[in-house]
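Below is one structure, written out as structure tokens; comments come after it.
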Amino acid sequence: MRYLGSYPASLKARARTMIERGEAGPWLAKRYPQRHPVQTDKALFTFANEIRQNFMRQAPLLNKVLYDSKLDVIAHALGLHTAISRVQGGRLVAKKEIRIASLFKHIAPEFLQMIVVHELAHLREMNHDKAFYRLCESMQPDYHQVEFDLRLLLAQREAPPPIG
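Residue numbers (this note's numbering): 21 to 184.
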């Protein structure tokens, strides 16, 4: 249950029970029946920039947003944001990039939005503190529920199949 490590014991126990009984997958499929249409890096770049433009106009522009087949979901959580600084002429230029694990090409739109919102929030707030999560909630009001449900989905995918 590594994806649910920081949640209260009662929630982890309920999630474990749902996974063991084989209820988590069907419950999540009913709750999130659609799959998002954002399948290319170009579409992902457009999707992320629309969210940035709607909620974070003053944030730095994104230079690159892409699906990364090499991004390890376990090591890097759900996505990765980077700032690459280079000297161009006499100026220091920072390029902002967001990488999303390719695993997330085939998930519900709410989950993709949650991952992008999370990575965009890091443009303004580097730490996972109250200000960071307030910013996430301002961009996606049900952010915490969607994050929990995505973590439940990841835990369910990792678990052995239910017996019976």
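Don't be surprised by glycine CBs; every beta carbon is placed ideally from N, CA and C. The model shown is predicted, which means the values in this text are computed figures rather than measured ones.
- Counting along the chain, the unbroken alpha helix (DSSP H) around residue 165 starts and ends at 163-178.
- The DSSP-derived three-state label of residue 79 is coil.
- CA-CA distance, residue 66 to residue 166, rounds to 22 Å.
- When DSSP states are grouped into helix, strand and coil, residue 87 belongs to the strand group.
- As computed with DSSP, residue 103 is found in a beta bridge with 116.
- Following the DSSP letters along the chain, one finds residue 138 inside the alpha helix (DSSP H) bounded by residues 129-141.
- Scanning its chain for C-beta atoms nearer than 7 Å, with the 5 sequence neighbours on each side dropped, one finds around residue 145 the residues 151, 152 and 155, in chain order.
- Under the DSSP assignment, residue 30 falls in the alpha helix (DSSP H) whose first and last residues are 29-40.
- Under the 10 Å beta carbon count, residue 39 is surrounded by 16 or more other beta carbons and is classified as buried.
- Residue 62 is positioned such that its CB atom lies no closer than 7 Å to that of residue 87.
- The straight-line gap separating the alpha-carbon atoms of residue 76 and residue 164 is approximately 19 Å.
- Beyond the five residues adjoining it in sequence on each side, residue 113 comes within less than 6 Å, by CB distance, of 106 in the same chain, given in chain order.
- Around the beta carbon of residue 169, 16 or more other beta carbons lie within 10 angstroms, which makes this residue buried.
- Here the alpha carbons of residue 161 and residue 175 stand approximately 23 Å from one another.
- In the three-state DSSP reduction, residue 73 falls in the helix class (H, G or I).
- Taking 7 Å as the cut-off, the beta carbon of residue 123 is found no closer than this to the beta carbon of residue 56.
- Burial of residue 128 is indicated by the presence of at least 16 other C-beta atoms within 10 angstroms of its C-beta.
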